[in-house]
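Trainee: In the numbering used here, the protein residues as written are 11 to 140.
Even for Gly, the Cβ is constructed at its ideal location relative to N, Cα and C.
All values derive from a computational prediction rather than experimental measurement.
This is the structure, below, for whatever I ask next.
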Amino acid sequence: MHEVGLMTAVFEQITESAKANNIDRITKVKLVLGKMNGALPDALEFAFEILTPDTMFEGAVMEIEQVDITVECPKCGAESAVGKIAYFCPECGARARVKKGQEFYIDYYEGDERKEDSVEGSDGAKDSAG
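Okay, structure coming up:
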């Protein structure tokens with residue numbers, strides 16, 4: 011199941027970005043997935059579930075937006091949505107090129123910012139530690 015590898019890479023990219031932006035807990039992840047990509051949404055959701063425990067992603071929700079396959083014909087200029095992998099223009103029958111449907115990327119993530127810890131100094135005053 012290559013979806014675990016894909017989700018591991020997603021976690022690594024988000025973790026790096028989150029740390030750089032002072033975020034310590036991820037609450038939501040949105041992915042964009044082309045229907046021609048080969049990754050299965052259910053398998054990605056399963057991978058997300060098994061990878062989240064004991065990480066900054068624990069308790070987060072994931073949303074997957076699927077992108078339909080769209081082809082463009084260089085001969086007649088038609089742009090058509092197709093239900094399956096198609097390399098021919100549904101309008102004129104010429105060989106078409108895939109314009110959309112191969113995507114796989116992180117659209118965005120949401121999270122909670124790291125809070126600075128408060129510790130008491132020897133004089134009883136509170137100092138900010140971080």
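Quick one: what's Phe98 bridged to in DSSP?
Mentor: The partner list for Phe98 (beta bridge, DSSP) reads Arg105.
Trainee: Would Ile116 pass as a contact of Val71 if the rule is Cβ separation under 9 Å?
Mentor: Not a contact, by the Cβ cut-off of 9 Å.
Trainee: When DSSP labels each residue in this structure, what does Gln112 get in the three-state scheme?
Mentor: It is coil, neither helix nor strand.
Trainee: Quick one: measure Cβ to Cβ for Glu22 and Leu54, integer angstroms, because I've assumed they're closer than 8 Å.
Mentor: Between Leu54 and Glu22 the Cβ distance is about 15 Å, and since that is not below 8 Å, they are no contact.
Trainee: On the three-state DSSP scale, how would you describe Glu120?
Mentor: In the structure shown, Glu120 sits in a strand (DSSP, three-state: E or B).
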